[in-house]
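>
Residue numbers (the numbering used here), protein chains in the order written: chain B, 1 to 414; chain W, 415 to 828.
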């Protein structure tokens, strides 16, 4: 199908997608869950093709691991579908209603966004997660996975069409783009008359090229340079536990801590103990001058390190004069993703909450909690750091928009 | 100032704008209201230059009228400022808060979007309205008015800087672009690292060129092809009054009715009476075949007419078989702006409300009510038909986004 034909078809199907009953949507999702289990041998076969090609192409082990579908990934995909089934249908929800002096009852009702193009790399699970969330929120989805996962994604997509068909839902509410031809995607990105939103998930290069090319609005996050500020008034044990969790629990994720800021009045007491715990877990520190004085032998951080999203066990550490300097540092080097303060001081907690404008700002909790499940949204479509529409984890609600509705009995404009 | 310098400066000032107290913002706004009154002679002088240039250039009377600042416009600008002062400050409002099983209190707090570029044509009042709303919502604004209103906008902007200065607020929170050089604006539109949102207000050509050029997200509406469907079950008098109001109260506005859809079972009774009322007001009808049978002598509507935003006293009229055909017509030819049903039938009212995805859907009320004041939002920045972030009138809340906040006592990711 030519890009324009696909986009038009999707637009046409968005009216269908918007009005599927909750029961039908859940039926299709549960059918998909069943197919993933029943037809896993076929899925493993197709996945093997991707794995072998990736190994032949000399992709790194971690890349190959992300492609791999095993029993654990099957279970994860099934669980993610059940999570979405369990979530309330957002379509048609009236989120607010108020009465005007002329008696007009005005409200806001959730509706789907329309057609969503999801562009992603490596992990084939995203095919399932993106489809489930878009279907439940009444959107028509166009899925474009990475070419390295082509066979796996294609196999999963055959399950999707089969599940839709079995549940009596039009197969046109989900589309799959298999081509490796970049110009095809670039054409889709120009079709703002048919496509309402693009959500790219992947490396910064992918995201920048999507933003560069797109005439369709894009929700994305470039990177997560997350900070924890250990205040002068921090409880030491709380600070140690949270910082350790934020750095080492899963260092390759966007919400892991990349820079630790420590108040100078607590630094000499706190940093040596923190460093010992980090050392046990293999964390390498790059410190500012003051840090290097306290922790002998650590590498010196250079200016570029403060901007760095390491995604590994490296950590930048800076001793700061006070809360102002901590906030100024986060504003200058941060990425609006996730930042936390550890403190027992009421005013400092509130100032940090108010003045740091990241998608999640925490007091006395780990940055790793920035995630749809952890925050109670249920499943999510990634974390947006675009300060428009959705800022933070994007759950079902973020895949909708509200229209105004008005119940009148003859109201006119005077 | 070069575009990049301006954009960077604005980005820097957005942190200042985000944390001005409500008191200071209101003080600056009231100072501005005072200056508009006290220094109106200067404003009239500058405005005269624009008017004379427009007349010399042979602009149409309605265009010249839109440029003109007289006592009435002064009063309107003052009232619009007082309206914004009266609205609650949205910045820092916690709109929702919930508790997670691990005890974490998670909430959503309103923050400004950041830097907003407003591009507009003709009416100089927009300078005041856009500035007031952006300041109150804690955003830094870059104002780019039409070159035809250059002197008026420039004069109003001197009042703005004076008011900010007098209230002790940094003048960097508002910027004015005076150049006629399009490439300057095109450069700004590429600076998505510094500018968070573009709101263009004006003709379709302006809007299309902004969307075409922009890497920054754009909220806009291209046009308003608004429908009223008079159902078989409509109360005739209600239908007559509402349709008349929607068409003639101010035909040149985006929320005026452009197409009237009438159920075939009521058409013969309703249309002649409606046509008599319209005729008195100078409305010209372009009708479908069935309409032409009922109303002898009306012009025949051609296919293109159903897409038409007349913005004058012309009206397309179509007789439809039922609610389904009415909804299908609106989906095909509508612009997602404002659509209404006139009915006494409970199920038809709800089906129309649910299935028509326009920014405002009304039952038994005039399309002319799609307006921030009328719906109770207070002032507005125009009506968005982009189905993202803000769909419908954009008030103060729509100029903010929510960040997640979390109050913890040691919560980790397990």
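Each residue gets a CB set at the ideal place from its N, CA and C atoms; glycine is no exception.
Based on the DSSP secondary-structure assignment, which residues constitute the bridge partners of residue 406 of chain B?
As a first step, residue 406 of chain B is located in the first chain; it is residue number 406 there, counting from the start. Bridge partners of residue 406 of chain B: B/106 and W/776.
> According to DSSP, simplified to helix, strand and coil, what is residue 300 of chain B?
Residue 300 of chain B sits at position 300 when you count from the first residue of the first chain. Residue 300 of chain B: strand per DSSP, three-state reduction.
> Excluding sequence positions up to five away, which residues of its chain have a Cβ less than 7 Å from the Cβ of residue 465 of chain W?
Taking the second chain and counting its residues from 1, one reaches residue 465 of chain W at position 51. Excluding residues within five positions, the ones whose Cβ falls inside 7 Å are 478, 481 and 482.
> Please determine, among W/808, W/557 and W/726, the residue with the shortest C-alpha to C-alpha distance to residue 639 of chain W.
In the second chain, the residue the question calls residue 639 of chain W occupies position 225. Checked all of W/808, W/557 and W/726; the closest Cα to residue 639 of chain W is W/726.
> Hey, would you say residue 672 of chain W sits closer than 8 Å to residue 737 of chain W, going by beta carbons?
If you number the second chain from 1, residue 672 of chain W lands on position 258. If you number the second chain from 1, residue 737 of chain W lands on position 323. Taking 8 Å as the Cβ cut-off, residue 672 of chain W and residue 737 of chain W do not qualify as a contacting pair.
> Measure the alpha-carbon distance for residue 809 of chain W versus residue 786 of chain W and round it to whole angstroms.
Walking along the second chain from the start, residue 809 of chain W turns up at place 395. Walking along the second chain from the start, residue 786 of chain W turns up at place 372. Each residue's alpha carbon lies about 6 Å from the other.
> State yes or no: is the C-beta of residue 505 of chain W within less than 8 Å of the C-beta of residue 527 of chain W?
By 1-based counting over the second chain, the position of residue 505 of chain W is 91. By 1-based counting over the second chain, the position of residue 527 of chain W is 113. No, the pair does not count as a contact, with Cβ atoms beyond the cut-off.
> The beta strand (DSSP E) with residue 665 of chain W in it runs from where to where?
Start at 1 with the first residue of the second chain, and residue 665 of chain W comes out as number 251. Segment: none, residue 665 of chain W is in no beta strand (DSSP E) and carries neither H nor E.
> Curious, which full-length beta strand (DSSP E) runs of at least 3 residues does the stretch 701-775 of chain W contain?
728-734 and 752-756
> By DSSP's criteria, residue 120 of chain B is part of a beta bridge. Which residues make up the other side?
Translated into positions along the first chain, residue 120 of chain B becomes position 120. In the DSSP output, where bridge partners are listed per residue, residue 120 of chain B has B/201.
> Are the C-beta of residue 824 of chain W and some C-beta of chain B separated by less than 8 Å?
Mapped onto the second chain, residue 824 of chain W falls at position 410. Cβ-Cβ to chain B under 8 Å: yes for residue 824 of chain W.
> Taking 8 Å as the threshold (C-beta atoms), are residue 652 of chain W and residue 756 of chain W in contact?
As a working note, residue 756 of chain W is residue 342 in the second chain. As a working note, residue 652 of chain W is residue 238 in the second chain. Contact: yes.
> Check whether the Cβ atoms of residue 139 of chain B and residue 14 of chain B sit closer than 8 Å, and answer yes or no.
For the purposes of this step, residue 139 of chain B is taken as residue 139 along the first chain, with counting starting at 1. For the purposes of this step, residue 14 of chain B is taken as residue 14 along the first chain, with counting starting at 1. Result yes, Cβ atoms of residue 139 of chain B and residue 14 of chain B sit closer than 8 Å.
> Return the first residue and the last residue of the alpha helix (DSSP H) that residue 686 of chain W is part of.
Position 272 of the second chain, counting from 1, holds the residue named residue 686 of chain W. 678-694 is the extent of the alpha helix (DSSP H) around residue 686 of chain W.
> Quickly, what does DSSP pair residue 589 of chain W with across the bridge? List them, please.
Residue numbering aside, residue 589 of chain W sits at position 175 when the second chain is read from its first letter. Partner(s): W/556.
> Mapping DSSP to helix, strand and coil, what is residue 804 of chain W?
Along the second chain, read from residue 1 onward, the residue named residue 804 of chain W stands at position 390. In the structure shown, residue 804 of chain W sits in a strand (DSSP, three-state: E or B).
> Comparing alpha-carbon positions, which option in W/517, W/565, W/748 and W/657 lies nearest residue 687 of chain W?
As a first step, residue 687 of chain W is located in the second chain; it is residue number 273 there, counting from the start. Closest by alpha carbon: W/657.
> Give me the DSSP bridge partner(s) of residue 44 of chain B.
Locating residue 44 of chain B in the first chain gives position 44, counting from the first residue. Answer is none; residue 44 of chain B lacks a bridge partner.
> Please determine, among W/609, W/600 and W/647, the residue with the shortest C-alpha to C-alpha distance to residue 830 of chain W.
Outside the shown range of chain W, which is 415 to 828, sits residue 830 of chain W, and nothing can be said about it.
> Determine whether the Cβ of residue 192 of chain B lies closer than 8 Å to any Cβ atom of chain W.
Working through the first chain from its first residue, we reach residue 192 of chain B at position 192. Chain W contact via Cβ: present.
> Does residue 512 of chain W come within less than 8 Å of chain B when only Cβ atoms are used?
In the second chain, counting from the first residue as 1, residue 512 of chain W sits at position 98. Yes, contact with chain B.
> So with CB distances below 9 Å, who are the chain B contacts of residue 769 of chain W?
One-based indexing of the second chain puts residue 769 of chain W at position 355. Neighbours of residue 769 of chain W on chain B, chain order: 15, 18 and 19.
> Near residue 233 of chain B, what residues of its chain come up, given a Cβ to Cβ distance below 7 Å and the 5 sequence neighbours on each side ignored?
Locating residue 233 of chain B in the first chain gives position 233, counting from the first residue. Here the set comprises 343, 344, 345 and 348.
> State the start and end residues of the unbroken beta strand (DSSP E) segment that holds residue 644 of chain W.
Within the second chain, numbered from 1, the residue matching residue 644 of chain W stands at position 230. Residues 640-644.
> For residue 42 of chain B, count neighbouring Cβ atoms within 10 angstroms of its own Cβ and tell me buried if that reaches 16, exposed if not.
Against the first chain, residue 42 of chain B aligns to sequence position 42. Exposed, by the Cβ-count rule.
> Can you check whether the CB of residue 132 of chain B is closer than 8 Å to the CB of residue 29 of chain B?
What you label residue 29 of chain B is simply residue 29 of the first chain in a count that begins at 1. What you label residue 132 of chain B is simply residue 132 of the first chain in a count that begins at 1. For residue 29 of chain B and residue 132 of chain B, yes; Cβs fall inside 8 Å.
> Taking C-beta pairs closer than 7 Å, name the residues in chain W that residue 281 of chain B reaches, listed in chain order.
If you number the first chain from 1, residue 281 of chain B lands on position 281. Near residue 281 of chain B there are no residues of chain W at all, since even the closest Cβ is about 14 Å away, more than 7 Å.
> Can you tell me whether residue 282 of chain B is buried or exposed? The criterion is at least 16 other CB atoms within 10 Å of its CB, across all chains shown.
Reading the first chain from its first residue, position 282 is the one you call residue 282 of chain B. Exposed, since its Cβ has fewer than 16 Cβ neighbours within 10 Å.
> What three-state label does DSSP hand residue 508 of chain W in the structure shown?
As a working mapping, residue 508 of chain W is identified with position 94 in the second chain. If DSSP states are grouped into helix, strand and coil, residue 508 of chain W belongs with the strands.
> Return the bridge partner residues of residue 384 of chain B from the DSSP annotation.
The sequence position of residue 384 of chain B within the first chain is 384, counting from 1. For residue 384 of chain B, which the question treats as bridged, DSSP gives the partners B/392.
> Using a C-beta to C-beta distance shorter than 9 Å, which residues of chain W count as neighbours of residue 312 of chain B?
Counting from one through the first chain, the residue named residue 312 of chain B turns up at place 312. Within 9 Å Cβ-Cβ: nothing; residue 312 of chain B doesn't reach chain W, min ~17 Å.
> Among the candidates W/420, W/633, W/654 and W/437, whose CA atom is the shortest distance from the CA of residue 411 of chain B?
Translated into positions along the first chain, residue 411 of chain B becomes position 411. Nearest C-alpha to residue 411 of chain B: W/654.
> Bridge partners for residue 284 of chain B per DSSP, in chain order?
The residue labelled residue 284 of chain B in the question sits at position 284 within the first chain. For residue 284 of chain B, which the question treats as bridged, DSSP gives the partners B/314.
> Give a yes or no on whether 8 Å exceeds the smallest Cβ distance from residue 395 of chain B to chain W.
Locating residue 395 of chain B in the first chain gives position 395, counting from the first residue. No, no contact with chain W.
> Among W/713, W/491 and W/416, which has the Cα closest to the Cα of residue 793 of chain W?
Position 379 of the second chain, counted from the start, is the residue given in the question as residue 793 of chain W. The residue among W/713, W/491 and W/416 with its C-alpha nearest the C-alpha of residue 793 of chain W is W/491.
> For residue 279 of chain B, which option in B/295, B/400, B/288 and B/290 has the closest C-alpha, if you only look at C-alpha atoms?
As a first step, residue 279 of chain B must be located in the first chain, where it is residue number 279. The candidate whose alpha carbon is nearest that of residue 279 of chain B is B/295.
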